[in-house]
Structures are given as C-alpha cells and as structure tokens.
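Numbering (this note's numbering), first residue to last: -14 to 352.
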C-alpha cells in the first residue's frame, strides 16, 4: 500500500510511519522540513507548507496514494489538495476545541477558560455541538464537518480522530519535561492547585498511533466514523506528578493552593496543573468497533517517555521549554508558597477560635 503521512515528523506521525513500514507499506511524509525525523532512507520526503492550499497543490501535483493520513497542517486545505489523488483519508483534529467548556484555545491562558463538564464525553455528546465557542474552535468544528461531508459525498472514505493531550518523544509541547526539569534541578516545592485532583485525557504517542493503525487495517468498519482516542488509564494531576517523581526517585513537596486564590494569568507552576475542570473523553466507541486497547499502560508509557527525555534532554530556555509556557521561576514559586502557608496558618488559627457548635462523629452502625 502506498501511503502519504502529512506530519510524519510529529509525535504520533513518526510512530505511524514506522508501523506502516512494518506492514510493508511504501511511505511518503509531507512536512515543512524544519525538523527531520529519524526514519529509514526509504521514506520519501515532501517539503512544503501544509497550511497553504497553493503550496500543497503544487507539491502533490501528479502524485497519487492508496491512503493519506493527515496529522498536521490545515486539514481543510490538505483534504482539498488531495481530491482525485486518493480514495481514503484518515484525518486528525484536537478534541479540546470540539467540546464546549474545554477552554478557549486562543486565550492567553486556556486553562482559565475551562468550565465544568461531565466525565466521559462521547463523540455525539451535546457539548460537541453546543453554541458559544471561540473562533478557533468554530473553525476546527467546521473543518471536521467538512471532511465528514466529503465522506458522505463519496469524495473520500474518511475516518476522523479527535486527539487528546499527546505525550511521548519528539513532542513540541513535552509536558513531562516540565516536571522532569524540576526533578533534575532538585526543586522539591511544587504548587499543585486544587490538590491535583483534575482529570484531563492524555494519550501516549504509541497508543494513539496504534488506534490510527486499527483504522488503517479496517477501512470498512471505520468508514465514516469519528473516534475519540486517549489512554484508557486516567491519572489525576497529583497521580501524574507523583508517578514521574517515583520513576525518577524523587519526592515533591506539593502545596495545595485553591484555584480561586490564584490571580488571573498565574504561571508559577507547570501549566498542565492549572486546568480547573475535568476534560475527559469516552473511548468506548473505538474499543467496541475496532477493538482498541492500550498497548502500553500509563505507567509504562510515562516511564518510556522519561527515559527518552533523559537521553535527549531539552536545552534550558530552548524551543521546547518555551512551548511549555513554564517560566521555571523557582524563587517566585517559593515566595508564593511561603506567603500562602503564612496566611493559611493564620486563618486556620482564627477559625479554631471562633464560637461554634461542636459535633462528635459516631458511625451509625456501631453501638
């Protein structure tokens, strides 16, 4: 099978390409060429701007493929440029812009714009169609609808995936590194807002790639379907931080500061710890229709990710760290912690002295 992977240099793209090669596919990747992935020489590279319809049409002129997997670029333009060049498309978009309440993607601090939503949102949940979303989210929804309409119009056989926060090697926003660097710097104090109880769907790159390959292998069952995909395991922020610390033989001194105490624009901790409300997908559809199961548990996936970044550490202040949006301003973090502890202890003492009706607990089943 002759396959085009748009974004074959990305965090899931590289894994998808390697899995396709194992299946004896001929693979071409289309990307900007800014970051060359570590792939076999047999992989053909097309360097162009995947956000320009004109550039895409020029780069794909005279080419044809059995399948195109689109993980990068402006999906609307890529799909239009592929008309007449393939019969089958597997496309990828983000889940967060689809579900109302999961944050305004163009806001300076999207985590501050999240709203309470039910756990385990399915592909057809009303929040995937609700009004009052930001401009970026509206564009993502419109594009998703466009590619699915292409399926219904018989232009392509389409399967579409909604990605979560993806982690693993070669990530442009390597969330684990933000915690890893604190371990490497021996920075024990860590502000963990809300006690770290927030749940946010994440997906290990190899688990996500496995899901995409299931669709590749069953074009009939996956035809015309939209799938949520993320790790089946669900870790709270506290569990995530603790697990990374345990793998690296380090214990953080976590400090629970309520979200409402934090000022607008607060950045004095890892940004992924600042999501105020749960954002959790239901993946039962892909499990039932395509038999998806996590190839790697969350523990295995995070351990593999940590090993890769240990062997390939990010340069301080480099592009990867800048993408994280974490200032690593430890003196500021410690000053905030000291101030919070001082005032919380004072408040606790004041509350203890207030007149109140005492209550003694007794279990109702015990005599």
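Glycine is no exception: its CB is placed at the ideal position from the N, C-alpha and C atoms.
query: If residue 86 and residue 71 are in contact, beta carbons under 8 Å, what's the gap, nearest whole angstrom?
result: Within the chain shown, the letter at position 101 stands for residue 86. Within the chain shown, the letter at position 86 stands for residue 71. Contact check for residue 86 and residue 71: beta-carbon distance about 35 Å, past the 8 Å limit, so the pair fails to qualify.
task: Along the beta strand (DSSP E) that carries residue 419, what are the first and last residues, could you check?
output: Residue coverage of the chain in this structure runs from -14 to 352, which leaves residue 419 outside it and unanswerable.
message: Would residue 146 and residue 208 be called neighbours here (beta carbons separated by less than 8 Å)?
response: Here the question's residue 146 lines up with position 161 in the chain shown. Here the question's residue 208 lines up with position 223 in the chain shown. No, the pair does not count as a contact, with Cβ atoms beyond the cut-off.
- prompt: If residue 242 and residue 325 are in contact, beta carbons under 8 Å, what's the gap, nearest whole angstrom?
  reply: Here the question's residue 242 lines up with position 257 in the chain shown. Here the question's residue 325 lines up with position 340 in the chain shown. Right, the Cβ-Cβ distance comes to about 5 Å (below 8 Å), so this counts as a contact.
- prompt: Any idea what DSSP makes of residue 58, helix, strand or coil?
  reply: As a position in the chain shown, residue 58 is number 73, starting the count at 1. Residue 58: coil per DSSP, three-state reduction.
- prompt: Going straight from the alpha carbon of residue 168 to that of residue 295, what length do you get?
  reply: Walking along the chain shown from the start, residue 168 turns up at place 183. Walking along the chain shown from the start, residue 295 turns up at place 310. In a straight line, the C-alpha of residue 168 is about 11 Å away from that of residue 295.
field: Sequence-distant residues of its chain with Cβ nearer than 7 Å to residue 48 (five each side left out)
entry: Start at 1 with the first residue of the chain shown, and residue 48 comes out as number 63. Correct list, in chain order: 70.
query: alpha helix (DSSP H) containing residue 125: first to last residue?
result: Taking the first residue of the chain shown as position 1, residue 125 is located at position 140. Here the alpha helix (DSSP H) through residue 125 covers 120 to 137.
- request: Check whether the Cβ atoms of residue 22 and residue -1 sit closer than 8 Å, and answer yes or no.
  value: Mapped onto the chain shown, residue 22 falls at position 37. Mapped onto the chain shown, residue -1 falls at position 14. Yes, these two residues count as a Cβ contact at 8 Å.
- prompt: Nearest-angstrom Cα distance between residue 319 and residue 253?
  reply: The sequence position of residue 319 within the chain shown is 334, counting from 1. The sequence position of residue 253 within the chain shown is 268, counting from 1. Straight-line Cα distance between these residues: approximately 9 Å.
field: Limits of the unbroken alpha helix (DSSP H) element including residue 331
entry: The count along the chain shown starts at 1 and reaches residue 331 at position 346. Per DSSP, residue 331 belongs to the alpha helix (DSSP H) from 315 to 337.
- request: May I have the straight-line CA-CA distance separating residue 37 from residue 246, to the nearest angstrom?
  value: In the chain shown, counting from the first residue as 1, residue 37 sits at position 52. In the chain shown, counting from the first residue as 1, residue 246 sits at position 261. Going by the C-alpha atoms only, they are around 44 Å apart.
- prompt: Looking only at its own chain, which residues have a Cβ that is under 6 Å from the Cβ of residue 200, when we skip the five neighbours before and after it?
  reply: Against the chain shown, residue 200 aligns to sequence position 215. Excluding residues within five positions, the ones whose Cβ falls inside 6 Å are 75, 144, 207.
- request: Would you identify the three-state DSSP class for residue 252, choosing helix, strand or coil?
  value: Residue numbering aside, residue 252 sits at position 267 when the chain shown is read from its first letter. Residue 252: coil per DSSP, three-state reduction.
field: Beta carbon of residue 20 nearer than 8 Å to that of residue -6
entry: If you number the chain shown from 1, residue 20 lands on position 35. If you number the chain shown from 1, residue -6 lands on position 9. The answer is yes: Cβ separation under 8 Å.
- prompt: For residue 53, which three-state DSSP category applies?
  reply: Indexing the chain shown from 1 puts residue 53 at position 68. For residue 53, the three-state secondary structure derived from DSSP is strand.
message: When you compare the stretch 218 to 234 with the stretch 277 to 295, are there three or more beta-carbon pairs, one atom per stretch, that lie closer than 8 Å?
response: In the pairwise beta carbon analysis, the stretch 218 to 234 is classified as touching the stretch 277 to 295: at least three pairs are separated by under 8 Å.
query: Can you tell me the Cα-Cα spacing of residue 148 and residue 323, whole angstroms?
result: Residue mapping note: residue 148 aligns to position 163 of the chain shown, counting from 1. Residue mapping note: residue 323 aligns to position 338 of the chain shown, counting from 1. Cα-Cα distance, rounded: 39 Å.
message: Taking the beta carbon of residue 50 as the centre, do at least 16 other beta carbons fall within 10 Å, making it buried, or is it exposed?
response: Reading the chain shown from its first residue, position 65 is the one you call residue 50. Flag for residue 50 reads buried.
message: So the candidates are -3, 338, 321; which of them puts its Cα closest to the Cα of residue 154?
response: Start at 1 with the first residue of the chain shown, and residue 154 comes out as number 169. When the alpha-carbon of residue 154 is set against those of -3, 338, 321, the nearest one is in -3.
- prompt: Would you call the CB atoms of residue 188 and residue 215 closer than 8 Å?
  reply: Residue 188 sits at position 203 when you count from the first residue of the chain shown. Residue 215 sits at position 230 when you count from the first residue of the chain shown. Going by C-beta atoms, residue 188 is nearer than 8 Å to residue 215.
- request: Can you tell me which of the three DSSP states residue 88 falls into?
  value: As a working mapping, residue 88 is identified with position 103 in the chain shown. Residue 88 falls in the coil class under three-state DSSP.
message: Just verifying my parser: in three-state terms, what is the DSSP assignment at residue 142?
response: To locate residue 142, count along the chain shown from 1; it is residue 157. Reduced to three states, the DSSP call for residue 142 is strand.
message: Considering just the uninterrupted stretch of the alpha helix (DSSP H) at residue 294, what are its terminal residues?
response: Numbered from its first residue, the chain shown carries residue 294 at position 309. Per DSSP, residue 294 belongs to the alpha helix (DSSP H) from 283 to 296.
query: What's the gap between the Cα of residue 88 and the Cα of residue 151?
result: For the purposes of this step, residue 88 is taken as the residue at position 103 of the chain shown. For the purposes of this step, residue 151 is taken as the residue at position 166 of the chain shown. If you take the alpha carbons of residue 88 and residue 151, they lie about 17 Å apart.
- request: Give the range of the beta strand (DSSP E) segment to which residue -13 is assigned.
  value: Along the chain shown, read from residue 1 onward, the residue named residue -13 stands at position 2. It spans -13 to -9 - the beta strand (DSSP E) in which residue -13 sits, taken as one unbroken run.
message: Tell me whether the stretch 254 to 273 and the stretch 105 to 125 touch, counting them as touching only if at least three CB pairs, one residue from each stretch, are closer than 8 Å.
response: They touch, by the three-pair rule.
query: Alpha carbon to alpha carbon, what distance is there between residue 277 and residue 346?
result: By one-based count along the chain shown, residue 346 stands at place 361. By one-based count along the chain shown, residue 277 stands at place 292. Residue 346 and residue 277: Cα-Cα distance of roughly 47 Å.
- prompt: With respect to the alpha helix (DSSP H) encompassing residue 15, which residues constitute its N-terminal and C-terminal limits?
  reply: Residue numbering aside, residue 15 sits at position 30 when the chain shown is read from its first letter. Run containing residue 15: none in the alpha helix (DSSP H); it sits in the beta strand (DSSP E), 11 to 16.
- prompt: At what residues does the alpha helix (DSSP H) containing residue 201 begin and finish?
  reply: Translated into the one-based positions of the chain shown, residue 201 becomes position 216. From DSSP, the alpha helix (DSSP H) with residue 201 extends over 190 to 202.
- prompt: Would DSSP call residue 78 helix, strand or coil?
  reply: Here residue 78 corresponds to residue number 93 of the chain shown, with the count starting at 1. Strand.
message: Quick check on the DSSP output: the alpha helix (DSSP H) that includes residue 32 runs from which residue to which?
response: Indexing the chain shown from 1 puts residue 32 at position 47. Unbroken run through residue 32 is the beta strand (DSSP E), 29 to 32; no alpha helix (DSSP H).
- request: Using a threshold of 8 Å, state whether the C-beta atoms of residue 308 and residue 77 are closer than that.
  value: Counting from one through the chain shown, the residue named residue 308 turns up at place 323. Counting from one through the chain shown, the residue named residue 77 turns up at place 92. No. Outside cutoff.
- request: Please list, in chain order, all residues of the same chain as residue 274 whose beta carbon is under 6 Å from its beta carbon, the five residues on each side excluded.
  value: Indexing the chain shown from 1 puts residue 274 at position 289. Within the same chain, Cβ atoms closer than 6 Å to the Cβ of residue 274 are found at 206, the five residues on either side in sequence being excluded.
- prompt: What's the call for residue 91, buried or exposed, on a 16-neighbour Cβ count within 10 Å?
  reply: Within the chain shown, residue 91 is the residue found at index 106, counting from 1. With a 10 Å radius around the Cβ and a threshold of 16 neighbouring Cβ atoms, residue 91 comes out exposed.
message: If you measure between the beta carbons of residue 291 and residue 191, is that distance less than 8 Å?
response: Sequence index remark: in the chain shown, residue 291 carries index 306 (1-based). Sequence index remark: in the chain shown, residue 191 carries index 206 (1-based). No.
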